[in-house]
Amino acid sequence: TDSVYSRAPRWNADEYITSGFNDAGHSNSHSVTVQQHALGIDDPGNNDWVILVYDVHNGGSEAINGYAGVLADFDVVATDRLHDVAFTDAGQATAFMRNVLSRNRWCGVKLLTHEAAAKLECIDHERYVYPDSGLSESMKYRIMTGQLGTQGSDRPYNWSVAVSTGPLSLPQDGDQRVAFAFVAAGDSATYLDACRRAQDWYDANVGV
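When we follow this note's numbering, the leftmost residue of the sequence shown carries the number 800, and every step to the right adds one.
Right under this line is the structure:
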């Protein structure tokens, strides 16, 4: 519903980009709109994560319960997608990946808002993606609701990760904010530390 715009920074971020979308194309539309905010922080000690904020609005005539999440297909080494492994960490509400042939690159997504439980999933492409040449809408919904996927990979292969939260209760004309961090680091300890730092920054600047 809205193009991607670079705007004057807010929330103490150094870069601020907005966009928007809605559910008008769905066969069972509920007049849900989402304003999307992407925040970049230009700090030499904090340059391994960016934050994505969804402001969800229920413009329909009835209350709804929904889920919000990110399904991310990180090809950690772009030319070698078949040697990735995936992990989840409930304590940091994150799902992340690395390539077994390049141990100094870790990529993942962290949930920053905790009004509802986190759902953390690793998705095996051999089982769920390749047989149907992609994920169906039903499979995506089951991933977002925590019904499909595993807590960790069982072998090096082509994997995706999903981080979601819900159910979120949206009354008529109600609003809900959901936020995620996209994180990268050189090793697992640095990755989890970056998750903590992203949470601290979000709590201090956006979550108040």
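Cβ coordinates follow ideal geometry from the N, Cα and C atoms, glycine included.
Span of the beta strand (DSSP E) holding residue i?
i           : result
residue 836 : 831 to 839
residue 965 : 958 to 969
residue 821 : 814 to 821
Exposed or buried, residue i, counting other C-beta atoms within 10 Å across all chains shown (16 or more means buried)?
i           : result
residue 929 : exposed
residue 903 : exposed
residue 947 : buried
residue 978 : buried
residue 826 : exposed
residue 894 : buried
residue 964 : buried
residue 950 : exposed
residue 984 : buried
Taking the straight line between their C-alpha atoms, what separation do you get for residue i and residue j?
i           : j            : result
residue 994 : residue 923  : 24 Å
residue 823 : residue 830  : 7 Å
residue 807 : residue 1007 : 20 Å
residue 921 : residue 888  : 11 Å
residue 834 : residue 901  : 36 Å
residue 966 : residue 1005 : 22 Å
residue 855 : residue 870  : 18 Å
residue 805 : residue 986  : 31 Å
residue 917 : residue 991  : 16 Å
residue 816 : residue 905  : 25 Å
residue 756 : residue 837  : Missing from the structure shown is residue 756; the chain here goes from 800 to 1007 and no further.
residue 981 : residue 841  : 15 Å
Looking at the unbroken alpha helix (DSSP H) that takes in residue i, where does it start and where does it end?
i            : result
residue 1000 : 987 to 1004
residue 926  : 924 to 927
Quick one: grab the DSSP three-state call for residue i.
i           : result
residue 932 : coil
residue 975 : strand
residue 806 : strand
residue 937 : helix
Completely contained beta strand (DSSP E) runs for the stretch 847 to 913, where each covers 3 or more residues: Listed in chain order, the beta strand (DSSP E) elements of length 3 or more contained wholly in the stretch 847 to 913 are 848 to 857, 863 to 871, 883 to 888, 893 to 898 and 901 to 910.
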